[in-house]
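Step one of this worksheet: look at the structure below.
There are 4 protein chains.
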Amino acid sequence: MIKLNCDMGESFGAWSMGADEAIMPYIDMSNVACGFHAGDPQIMAKTVALAVEHNVTIGAHPGYPDLLGFGRKALNFSESELTHIVLYQVGALQGICSQHNAELAYIKPHGALYNVMMRDITVFSAIVKAAASVKLPLMIMATPDNHKHIQLAQSLGVRLFFEAFCDRAYTDDGHLQSRQEKGAVHQTLGLIVEQAQQIIEQQSVQTTSGNNLPIKADSLCIHGDSHLALASVKALRELLSR
Amino acid sequence: MIKLNCDMGESFGAWSMGADEAIMPYIDMSNVACGFHAGDPQIMAKTVALAVEHNVTIGAHPGYPDLLGFGRKALNFSESELTHIVLYQVGALQGICSQHNAELAYIKPHGALYNVMMRDITVFSAIVKAAASVKLPLMIMATPDNHKHIQLAQSLGVRLFFEAFCDRAYTDDGHLQSRQEKGAVHQTLGLIVEQAQQIIEQQSVQTTSGNNLPIKADSLCIHGDSHLALASVKALRELLSR
Amino acid sequence: MIKLNCDMGESFGAWSMGADEAIMPYIDMSNVACGFHAGDPQIMAKTVALAVEHNVTIGAHPGYPDLLGFGRKALNFSESELTHIVLYQVGALQGICSQHNAELAYIKPHGALYNVMMRDITVFSAIVKAAASVKLPLMIMATPDNHKHIQLAQSLGVRLFFEAFCDRAYTDDGHLQSRQEKGAVHQTLGLIVEQAQQIIEQQSVQTTSGNNLPIKADSLCIHGDSHLALASVKALRELLSR
Amino acid sequence: MIKLNCDMGESFGAWSMGADEAIMPYIDMSNVACGFHAGDPQIMAKTVALAVEHNVTIGAHPGYPDLLGFGRKALNFSESELTHIVLYQVGALQGICSQHNAELAYIKPHGALYNVMMRDITVFSAIVKAAASVKLPLMIMATPDNHKHIQLAQSLGVRLFFEAFCDRAYTDDGHLQSRQEKGAVHQTLGLIVEQAQQIIEQQSVQTTSGNNLPIKADSLCIHGDSHLALASVKALRELLSR
């Protein structure tokens, strides 16, 4: 059955973001920020405890080292540099998890790192190498053709999970529409649930130009920083439990 | 036999510190900075690779989150906050180590965190709890009376290593003299070797007032940021191989 | 007439704090965070523009370099180091103000820096020296005896403003009760208005033990991060315009 | 007469970079790092004091907010965001300068910000607007055609200084060769002095392909982080005083 995943632990220091405590009970997988784009050791510990309490699977959500920009700016690093940047963050979260005897179950990159990974096979390779190193699956975006991703991941012994987005608009090339553009983020619950239903039932998603792209997803992602986040996870939980 | 340990990987970004490549061949244990007071994912990866190349044991060297102050300022955190701060850094280094199939062998706190740990049993407890969580030994300072440390560590199943300092002056209460004060750091190779010899042969150290404190050390520490660092490790390596 | 001041611009990057847009119309003086404990160049620019729009006086609100701890941890710096830390932040805000032809009108330290300044004359001296350097008045806490502060400030040609707090409990020694302790922050509008009224009309404040301390304030401070902040500034504005 | 300028104050916290004390006596203009790519309030204060001592003109050397990458990574900011980022840093240095009654005399961006400014007129515009706001001249790179730069700067009332590089290779399009490529930084004093001489005497520079580009410079830049930096400034000082 398809799983619900949500970014969690994206507060920092005295600043709050997201409604983690309200959302956690409704999701299956929590992508926990690791301190580079959001999160700090205290917030990570609190988030891991919350996930454990609700039997939610914990994944690492590493980003570019860019606190000021919330990891939404692409930064030019070499392949091996990126592998180290991901390993650092994944390891850090594993350290925090150790206190709860919680196991880290997967890696899902954040923001610009996620977007660049989907467009640039060298960046994807850097992250797969990190995943191989810590022996964890990697969650990436389901696109009409993930052939190259699957091939590279298999060659390094890394399992891939595929996710689709319910609250973001898709372009015809199978990417998410840039947040800079209007309509990038769905603003009604109806649109979100409709997109989820199509992904689950028809294994496809409608693009901004009206095309239907075939995608096969293991998980549905809801962004926790939206004002519709809580309503969305409740509606999707309901949808999935029918 | 007594081991030589040295702080390593304390560069940051474009800034260099220490003569890691020159010193690594002469030491047994490298305390690798974890990004909070010094070090970054690239420098950590390079340092781990260097340690592996020279068969040097790798330890985590976590500090307070204080890059600007090089971890030499005490910061007021609660016990559980400090546990998380240490777990984050230790885990991060384990993540980096995974790429070399290198095992992390121990934890040794840095700078102010080390000093506060030796003076404040709550801070010591925070760090022991982190060590227990990741099942690693903890290296602390050999003092005339480590009774309370041993008791607390044993109760949590954490093994302790004890180290003595060859290049720092001791006060009568068994602590290191503050770096703010004159004479805190030995400025001649003669003084350093002499102090090492006394620690090894007589299991004692002479304080600033001329007293001899009994201490029993598993390891001797040399500070890598001193201009005498390389000469010291060479002289101590020679001393230990007699 | 007594002025209302409020801390403003304490968001950071993607994280929001405070209801600046709602509160700004009701206050006289805005203490704008300068990037060390909160704020960044974009948030500072937005806050300055908002203050200019509402004809609100702009003050610099420098803090310790401690983003993670929101400037609420005391850090051990020398006197001259602190002067530089304050000058950096005040200058940075002046740079931002230049775009709006806005004049910076005063300095009011934030959080731990404010508290330490009130307790430690060396830290106060460091900040007065910064104020003298940029030729700006300094806002400090009105206490029953500000004699030493006045003397030192006068000797360096720095004008002092004195503020009192409406939403915080006072201890008998004239300091604010620590946020660690219960009752440190007033939780009802009634308490806040009552304290304001006593400060304005009787030039005194009641301490946690029931004593009345004589204090003479030029300004009343309301903390913008409280859930009562907006209601408080409205009530106090009303009180002051009678 | 042509002036010598050099980047100064590029240490950070406990980490040193450059031979500022040795180089300062030989230069005319010091570009002082402002804390975003390098420098901190203490280092800025020390650098300003050193410049004042040697009667060296002080310029602001702002960079992208990228301490880890030493400001050598381009970051995607909007025009107004960049203006604020520059104003923040320039103001911060003015704050520090106030303690020495030293006047800031110009702005020269650092690293990637400098390179992007030379290639992208929107980024140039952002920086000119900051310069206009604080009423300071801006130093940019002398290229065969600075027409667009001059036009835009004049329209905002900003004076431009033009500099040429003695220690970096030029490409045929009048830019500096990327540091990623071999030969980007001259490795012999002979090459550096030769390039300087050609710039001064013939108002041209030879590119990597052997072409001569006409450039007209007010100032020659020497990079302070090169091992040849001190020898270079001495040789160039000698050259200029003939």
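Residue numbers (the working numbering), protein chains in the order written: chain Y, 1 to 242; chain X, 243 to 484; chain F, 485 to 726; chain L, 727 to 968.
Glycine is no exception: its CB is placed at the ideal position from the N, C-alpha and C atoms.
Please read all numbers here as calculations on a predicted model, not as lab measurements.
{"Item": "X/Glu480 - containing alpha helix (DSSP H), residue span", "Value": "Ala471 to Ser483"}
{"Item": "Extent of the continuous alpha helix (DSSP H) to which F/Asn599 belongs", "Value": "Gly595 to Arg603"}
{"Item": "Under 9 angstroms from the C-beta of Y/Leu50: neighbouring residues of chain X", "Value": "The premise fails here: Y/Leu50 is roughly 14 angstroms from chain X at the closest Cβ pair, so nothing lies under 9 angstroms."}
{"Item": "Where X/Cys339 falls: helix, strand or coil (DSSP)", "Value": "helix"}
{"Item": "Close-in-space but distant-in-sequence residues of the same chain around F/Tyr590 (CB under 8 angstroms, 5 per side omitted)", "Value": "Met513, Thr541, Gly543, Ala544, Leu620, Pro621, Leu622, Met623 and Phe645"}
{"Item": "Exposed unless 16 or more other CB atoms sit within 10 angstroms - verdict on Y/Ser78", "Value": "exposed"}
{"Item": "N-terminal and C-terminal residue of the alpha helix (DSSP H) that Y/Ser16 is part of", "Value": "Premise fails: Y/Ser16 is in no alpha helix (DSSP H) and is neither H nor E."}
{"Item": "Cross-strand partners of Y/Asn271 (DSSP beta bridge)", "Value": "With chain Y running from 1 to 242 in the structure shown, residue 271 of chain Y is simply not present."}
{"Item": "First through last residue of the beta strand (DSSP E) which encompasses Y/Gln206", "Value": "Ser204 to Gln206"}
{"Item": "Interface partners of L/Asp737 on chain F, CB under 8 angstroms", "Value": "Residue identity differs from the one stated: residue 737 of chain L is Ser in this sequence, not Asp. Within chain F, no residue comes near L/Ser737; the closest Cβ sits about 14 angstroms away, beyond 8 angstroms."}
{"Item": "Neighbouring residues, chain Y, relative to L/Pro791 (Cβ below 8 angstroms)", "Value": "Leu68"}
{"Item": "Sequence-distant residues of its chain with Cβ nearer than 8 angstroms to Y/Val233 (five each side left out)", "Value": "Leu4, Cys6, Ile23, Tyr26, Ile27 and Ile222"}
{"Item": "Spatially closest choice to Y/Thr47 from Y/Met118, Y/His37 and Y/Asn31, by CA coordinates", "Value": "Y/Asn31"}
{"Item": "Y/Gln89 versus X/Met360 - alpha carbon distance", "Value": "29 angstroms"}
{"Item": "For Y/Val52 and Y/Ala19, believed in contact at Cβ under 8 angstroms, the rounded distance", "Value": "About 18 angstroms; that fails the 8 angstroms criterion."}
{"Item": "Separation of L/Gly789 from L/Gly837, as counted between CA atoms", "Value": "7 angstroms"}
{"Item": "8 angstroms Cβ cutoff, X/Leu324 in contact with chain F", "Value": "no"}
{"Item": "Cβ distance (whole Å) where X/Ala374 is taken to contact X/Glu405 below 8 angstroms", "Value": "Not quite, the Cβ-Cβ distance comes to about 20 angstroms (not below 8 angstroms), so this is no contact."}
{"Item": "Sheet register partners of Y/Leu138 (DSSP bridge)", "Value": "Y/Ile107 and Y/Leu160"}
{"Item": "Segments assigned alpha helix (DSSP H), at least 4 residues, entirely inside the segment 164-218 of chain Y", "Value": "189-202"}
{"Item": "Alpha-carbon spacing of Y/Thr83 relative to L/Arg885, whole angstroms", "Value": "45 angstroms"}
{"Item": "Sequence-distant residues of the same chain with beta carbon closer than 8 angstroms to Y/Ser178, five excluded per side", "Value": "Ala184"}
{"Item": "Backbone secondary structure at L/Ser851 - three-state DSSP", "Value": "helix"}
{"Item": "Which listed residue (X/Gly416, X/Leu398, X/Ser446 and X/Leu431) has its alpha carbon closest to that of X/Leu472", "Value": "X/Leu431"}
{"Item": "Cutoff 8 angstroms: L/Lys908 Cβ touching any chain Y Cβ", "Value": "no"}
{"Item": "F/Ala522 vs F/Glu494 beta-carbon contact at 8 angstroms", "Value": "yes"}
{"Item": "8 angstroms Cβ cut-off: residues of chain L touching Y/Asn76", "Value": "Lys799 and Ala800"}
{"Item": "For F/Ala680 and F/Leu712, believed in contact at Cβ under 8 angstroms, the rounded distance", "Value": "The Cβ separation is near 12 angstroms, so there is no contact."}
{"Item": "Under 8 angstroms between C-beta atoms of Y/Leu239 and Y/Val193", "Value": "yes"}
{"Item": "Cutoff 8 angstroms; reference X/Val358; Cβ partners in own chain excluding five residues on either side", "Value": "Ala316 and Val365"}
{"Item": "Extent of the continuous alpha helix (DSSP H) run through L/Ala879", "Value": "His873 to Ser881"}
{"Item": "Minimum Cβ-Cβ distance from X/Tyr330 to chain Y less than 8 angstroms", "Value": "yes"}
{"Item": "Per-residue burial, L/Asp766 [other beta carbons within 10 Å of its own, 16 or more giving buried]", "Value": "buried"}
{"Item": "Expected contact under 8 angstroms - CB spacing of Y/Phe70 and F/Ala498 to nearest Å", "Value": "4 angstroms"}
{"Item": "Terminal residues of the alpha helix (DSSP H) in which F/Asp504 lies", "Value": "Asp504 to Ile507"}
{"Item": "Start and end residues, beta strand (DSSP E) containing L/Met734", "Value": "Lys729 to Met734"}
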